[in-house]
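Novice: Dropping a structure here in structure tokens format, bear with me for questions.
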């Protein structure tokens, strides 16, 4: 008799890999990537809107002017020219920062990983909004935290719940939030709550991790001051050019006080020595001058029209009992359905009808969200969005009929 | 020979199938054949076949279309020999509603079951008969889509109140759900290969988390396997005999895998048969072949010879 081990290193892997397993949802996404399926699942920026001649021009400039620099290793903190450029970019949202207090990362995703690495010991408590960006949860989970989940409503994170936890004596290592048109809920943390969150965390001595990938994709209304501006010393601010330029260059950053930045730089160097010099310099050149403003305005107009198409279609086709958020920017609408709907089980039927979404459970660490789904309006055209949403609406109506036929 | 390996397709098992197909293609190349992958989702299949004119098609498609007779019928129309079971028998084998009935008629034990059809629920008020299902099948039970693979859409039900949600989950994958009694016992798979469908040593499946679900199947290390299965001598022989009876009853060809449970009394209960068993690194059939001293190339060669002997 032979015992078969599919993976001969199975007893060698670290405990933190145990949560990494094959999933049915991922299997279904393999089908959803077919062109005839309207994917409302992925949050892919509409990079086609970026004029390729603009990119070509900056790439040529970089090679002409800084060729040897661009093709060489750089420092772990990232090129100073880019850090300076990004501080001016952040000022567009009223966030002031010193280039010395910044580290360039491989997308903001790496910053999330590095934050986890320097703050979380196994078993530590961290507070996250619920639902929260799935990529943040997977980055943090590798460091084996316990989660304190703070519910969201239309004004963003329910700060009362956090206060109650503080009163109970809980002291999470940090609080994670995506306050502007957040992923996945599309809601924005109100100014009043930002002020309360900042002062609560300051009093409790708990740092805030403010993840702001979508802030510059505002479709209407006035921008709300960043948490970072309310309490610069206590907020680790994460930015990215993925949504305003290109996710392909993998340029993000963290802005925090020196003690944090020094640790992040060491962690970054341990992970990958330094970011891509070439991509950093290309990004720096792209944000020099004003062409990026024109391109960003085009993107915002495109996303606004797509958001409008999605909200209108949802209103027309989704059954009674469905609730959804009304994002003033960003990429996502978050839908809450009656409690009997299981969006994970329903995904197969949705893909069969040629539409895909992300089931809500992905965005909670504890399996909640079975009756919720994230719909992304960033990538498909308005017409495709209307088609896709209508297919989902029809499916939900059929599921309702089926549910009632089963005695529900 | 020039062999088109059909893999991929438009089902949730697409990734698994592509992995199976790659391994089959490599093995066929090792055997000296000119083998290449054909993914029906990449390009229209008929055009792909006309462009490169294979002598034979090796089917490594999993799930609907690949296992339900659709592709087989098309290849038959094109006069192209293909590995595995013919269209009509595929259609029966792939559909648990039909296959379980056919097995029972052939005297093969399969756990007690009932069927819930989407159309019966919508049009005939079948929901009011759910309590009858619980009475007949008993609890705990397993709810499965009638036409799907890799344990997708499968739910274990402990309490009657969980049944409606489990039925809806299964119906998301297929027009009918099979509600089956949960037999306690040792989970085994028996591979059969060649013109006479000779049984390979049974593989015993021990999922670490208890259930052999999608994650347990495709996450390396999530399940332990033993081959030959650790069954008492009589039970092992009985299992092999029953698997063979099941395969012959359903008139399967060339290669198949019979999934079963052996209860505490050593009695085998057949759960399903697979006309296109997985050939990935974590698949059961290559494991069984290995236990029999065969490489993956040997296995593919046996399948090929069986196909050629027929045509």
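Chains as they are written, first to last, in my numbering: chain A, 75 to 482; chain B, 128 to 438. Each residue gets a CB set at the ideal place from its N, CA and C atoms; glycine is no exception.
According to DSSP, simplified to helix, strand and coil, what is residue 476(A)?
Specialist: helix
Novice: Can you give the beta carbon distance from residue 185(B) to residue 210(B), rounded, assuming they're within the 8 Å contact cut?
Specialist: 5 Å
Novice: Counting along the chain, where does the beta strand (DSSP E) carrying residue 438(A) start and finish?
Specialist: Unbroken run through residue 438(A): none, as it is neither H nor E.
Novice: On the DSSP bridge list, what partners appear for residue 387(B)?
Specialist: The partner list for residue 387(B) (beta bridge, DSSP) reads 315(B), 397(B).
Novice: In chain order, which alpha helix (DSSP H) runs of at least 4 residues are fully inside the segment 378-444 of chain A?
Specialist: 417-426
Novice: Does any residue of chain B bring its CB to less than 7 Å from the CB of residue 186(A)?
Specialist: no
Novice: Tell me the rounded alpha-carbon separation between residue 436(B) and residue 429(B).
Specialist: 11 Å
Novice: Under 8 Å Cβ-Cβ, which residues of chain B neighbour residue 97(A)?
Specialist: Per Cβ cutoff of 8 Å: 341, 342.
Novice: Using a beta-carbon distance cut-off of less than 8 Å, what residues from the segment 139-164 of chain B approach chain A?
Specialist: 139, 140, 141, 142, 143
Novice: From which residue to which residue does the alpha helix (DSSP H) around residue 184(A) run?
Specialist: 181-193
Novice: Residue 256(B) to residue 197(B), Cα distance in whole Å?
Specialist: The alpha-carbon atoms of residue 256(B) and residue 197(B) are separated by roughly 33 Å.
Novice: Identify the continuous beta strand (DSSP E) that holds residue 281(B) and give its terminal residues.
Specialist: Where residue 281(B) is concerned, there is no enclosing beta strand (DSSP E), given that its DSSP letter is neither H nor E.
Novice: Between residue 447(A) and residue 417(A), is the Cβ-Cβ spacing less than 7 Å?
Specialist: yes
Novice: At a CB distance below 8 Å, what residues from the segment 455-476 of chain A approach chain B? Give them in sequence order.
Specialist: 473, 475, 476
Novice: Look at the alpha carbon of residue 181(B) and the alpha carbon of residue 203(B), and state the distance between them as a whole number of angstroms.
Specialist: 14 Å
Novice: Between which two residues does the beta strand (DSSP E) containing residue 268(B) stretch?
Specialist: 268-272
Novice: Inspect the beta-carbon positions of residue 245(B) and residue 302(B) and report whether they are closer than 7 Å.
Specialist: Inclusion of residue 245(B) and residue 302(B) in the CB contact set at 7 Å is warranted, their separation being smaller than that value.
Novice: Kindly confirm or deny that the segment 257-273 of chain A and the segment 205-214 of chain A touch, where touching means at least three C-beta pairs closer than 8 Å.
Specialist: yes
Novice: Any idea what DSSP makes of residue 298(A), helix, strand or coil?
Specialist: coil
Novice: On the DSSP bridge list, what partners appear for residue 308(B)?
Specialist: 268(B)
Novice: Given this structure, state the Cα-to-Cα distance separating residue 285(B) from residue 309(A), to the nearest angstrom.
Specialist: 48 Å
Novice: Using only alpha-carbon positions, find the residue among 243(B), 309(B), 419(B) that is nearest to residue 353(B).
Specialist: For residue 353(B), the closest of 243(B), 309(B), 419(B) by C-alpha to C-alpha distance is 419(B).
Novice: Under 6 Å Cβ to Cβ from residue 333(B), same chain only, skipping five residues before and after it: list those, please.
Specialist: Cβ neighbours of residue 333(B) within its own chain (closer than 6 Å, five residues either side excluded): 351.
Novice: With a threshold of 7 Å between beta carbons, is residue 481(A) in contact with chain B?
Specialist: At least one chain B Cβ lies under 7 Å of residue 481(A).
Novice: Within 10 Å of its beta-carbon, does residue 439(A) have 16 or more other beta-carbons around it, so buried, or fewer, so exposed?
Specialist: The C-beta of residue 439(A) has 16 or more other C-beta atoms within 10 Å across all chains shown, which makes the residue buried.
Novice: Does the segment 174-193 of chain A come close enough to the segment 397-416 of chain A that 3 or more CB-CB pairs lie under 8 Å?
Specialist: no
Novice: Does residue 239(B) come out as helix, strand or coil in the three-state DSSP assignment?
Specialist: coil
Novice: Just to confirm, is the Cβ distance from residue 308(B) to residue 265(B) under 7 Å?
Specialist: If you check the CB distance, residue 308(B) and residue 265(B) come in under 7 Å.
Novice: Chain A beta carbons: is any one of them nearer than 7 Å to that of residue 334(B)?
Specialist: Closer than 7 Å: no.
Novice: Hey, how far is the Cα of residue 383(B) from the Cα of residue 274(B)?
Specialist: 17 Å
Novice: Within 7 Å (strictly less), CB to CB, does residue 420(A) reach chain B?
Specialist: yes
Novice: From residue 273(A) to residue 419(A), what distance separates their C-alpha atoms?
Specialist: For residue 273(A) and residue 419(A), the distance between alpha carbons rounds to 42 Å.
Novice: Whole angstroms are fine: how far does the CA of residue 103(A) sit from the CA of residue 408(A)?
Specialist: For the pair residue 408(A) and residue 103(A), the Cα-to-Cα distance works out to about 19 Å.
Novice: Please name the residue in 449(A), 475(A), 421(A) whose C-alpha comes closest to that of residue 99(A).
Specialist: 421(A)
Novice: Which residues in chain A have a C-beta closer than 9 Å to the C-beta of residue 249(B)? List them in chain order.
Specialist: In chain order, 472, 475, 476, 479 make up the part of chain A whose C-beta sits under 9 Å from the C-beta of residue 249(B).
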